Amino acid sequence: MSSRWRRIRETGFFLALPTTAWLALFFVLPLAIVLFVSFMSRGRGGVAELPFTLEHYQRSFGIFSIILWRSIRLAALTTVICLLLGYPLAFFISTRRRRLARHISLFLVILPFWTNFLIRTYSWRILLGEAGLINGFLLHLGLIGEPLSLLNTQFAVLIGLVYGFLPFMVLPIYASVERFNFRYVDAAQDLGANDARTFLRVVLPLTMPGVLAGCALVFIPSVGAFVTPDLLGGTKGLMIGNLINNQFGGSGNMPLGSALSIVMMAVVMLSLLVYVFGNRRERG
């Protein structure tokens with residue numbers, strides 16, 4: 001190996017050293033501590049103590065498995081709905097001929113981020129309440145005879161998650177569609193493909209990297225969501241993030257909370273692996 005390439009490798013190592021140290025100190029080390037605590041027993045006041053035990057993992061996949069699967073199901077539904085809503089919207093924005101129209105559309109997509117997420121979630125409590133705007137509108141039209149119980153349900157959590165994470169689906173797909181060469185569409189139609197076949201065989205595969213990125217960006221924060229299920233779901237919309245928070249507060253159970261955190265991290269890592277292998281397959 002020439003001295004030039006050796007210097008390049010050494011320079012790259014030193015450039016990556018601060019980031020590597022930061023990740024090791026503030027990600028790997030805390031995660032290792034949580035993993036260690038998850039195998040300890042619950043002591044007085046919920047603190048961790050010896051001896052080691054697998055009881056908390058048994059409870060995580062036992063009595064608390066319903067909350068885990070609820071979190072995964074709501075996150076998956078959120079991802080699917082965001083994809084069904086976000087793909088046409090991203091396609092519409094990216095195909096505007098005027099640059100000003102595209103910029104205004106993107107501005108409207110990211111405009112909710114100008115307001116604190118907590119405030120936006122509280123606004124849904126007002127909209128979904130029994131005396132809220134939605135029930136008032138339906139009562140005014142005579143479509144219902146009494147207010148619907150929309151708040152403190154899994155449906156309310158789903159609405160809040162879709163509202164909160166839809167832009168994370170739109171933006172990656174927009175970037176993929178913007179780079180798409182529409183001459184491929186003309187070529188497919190010249191070969192006799194209809195619109196549906198052209199979309200499924202040409203457009204969708206070539207924009208799949210944006211779809212995969214959007215699904216990962218929506219699913220991962222959704223499965224560990226805390227604010228939305230706490231404010232909109234109540235006990236019926238309890239998710240794993242709320243359960244973990246309860247274990248670390250008051251006289252909870254720190255080892256159980258750590259075990260649930262590791263389980264949630266495993267779900268996140270699994271979804272990341274699906275994204276990485278799916279993206280590699282598309283590029284290959």
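Note that the working numbering gives residue 221 to position 221 of the sequence shown, counting from 1, and the numbers run on in steps of one.
All residues carry an ideal CB built from backbone N, CA and C; glycine is no exception.
Everything numeric in this text was worked out from a predicted model, so none of it was measured.
For Gln-58, count neighbouring Cβ atoms within 10 angstroms of its own Cβ and tell me buried if that reaches 16, exposed if not.
Residue mapping note: residue 58 aligns to position 58 of the sequence shown, counting from 1. Burial call: exposed.
State the DSSP-derived secondary structure class of Leu-118, mapped to helix, strand or coil.
Counting from 1 along the sequence shown, the entry for residue 118 is found at position 118. DSSP places Leu-118 in helix when its eight states are reduced to three.
Let me make sure I understand the geometry here. Which of Ser-94, Arg-70, Leu-272 has the alpha-carbon closest to that of Val-170?
Numbered from 1 along the sequence shown, position 170 holds the residue referred to as residue 170. Residue Ser-94 is the option with its Cα nearest to Val-170.
May I have the straight-line CA-CA distance separating Phe-180 from Pro-209, to the nearest angstrom?
For this step, residue 180 is matched to residue 180 along the sequence shown. For this step, residue 209 is matched to residue 209 along the sequence shown. A straight-line Cα-Cα distance of about 11 Å links Phe-180 and Pro-209.
Helix, strand or coil for Ala-48, going by three-state DSSP, please let me know.
Within the sequence shown, the letter at position 48 stands for residue 48. Reduced to three states, the DSSP call for Ala-48 is strand.
Kindly indicate which three-state DSSP category Met-40 falls into: helix, strand or coil?
For the purposes of this step, residue 40 is identified with residue 40 of the sequence shown, where counting begins at 1. DSSP places Met-40 in strand when its eight states are reduced to three.
Are there 16 or more other CB atoms within 10 angstroms of the CB of Phe-91, so buried, or fewer, so exposed?
Taking the sequence shown and counting its residues from 1, the one referred to as residue 91 is at position 91. Answer is buried; the Cβ neighbour count reaches 16.
Rounded to whole angstroms, what's the CA-CA distance from Gly-256 to Ser-38? Just pull it up for me.
Walking along the sequence shown from the start, residue 256 turns up at place 256. Walking along the sequence shown from the start, residue 38 turns up at place 38. According to the sequence shown, residue 256 is Leu rather than Gly. Take the alpha-carbon of Leu-256 and the one of Ser-38: they are about 6 Å apart.
Along the chain, which unbroken stretches of the alpha helix (DSSP H) at least 4 residues long are found entirely within the segment 54 to 115?
If we require 4 residues or more, the alpha helix (DSSP H) runs fully inside the segment 54 to 115 come out as 55 to 60, 65 to 94, 99 to 110.
CA-CA distance, Met-1 and Thr-19?
Working through the sequence shown from its first residue, we reach residue 1 at position 1. Working through the sequence shown from its first residue, we reach residue 19 at position 19. At Met-1, the pLDDT of 49 sits below 50, so the modelled position is not reliable; the number obtained from the coordinates is stated separately. For the pair Met-1 and Thr-19, the Cα-to-Cα distance works out to about 27 Å.
If you draw a straight line from the C-alpha of Val-263 to the C-alpha of Val-276, how long is it?
Translated into positions along the sequence shown, residue 263 becomes position 263. Translated into positions along the sequence shown, residue 276 becomes position 276. A direct Cα-Cα distance of roughly 20 Å separates Val-263 from Val-276.
Check for me: the alpha helix (DSSP H) holding Met-169 runs from which residue to which?
Against the sequence shown, residue 169 aligns to sequence position 169. DSSP places Met-169 inside the alpha helix (DSSP H), whose first and last residues are 154 to 178.
Taking the alpha carbon of Ile-67 as the reference point, which residue from Leu-272, Ser-261, Arg-120, Leu-273 has its own alpha carbon closest?
The count along the sequence shown starts at 1 and reaches residue 67 at position 67. For Ile-67, the nearest C-alpha among the options comes from Ser-261.
Going by Cα to Cα distance, which pick from Leu-84, Leu-143, Arg-42, Val-34 is closest to Phe-165?
Within the sequence shown, numbered from 1, the residue matching residue 165 stands at position 165. Per the Cα distances, Leu-84.
Where Ile-134 and Thr-78 are concerned, what is the direct C-alpha to C-alpha distance, given to the nearest angstrom?
Taking the first residue of the sequence shown as position 1, residue 134 is located at position 134. Taking the first residue of the sequence shown as position 1, residue 78 is located at position 78. Straight-line Cα distance between these residues: approximately 21 Å.
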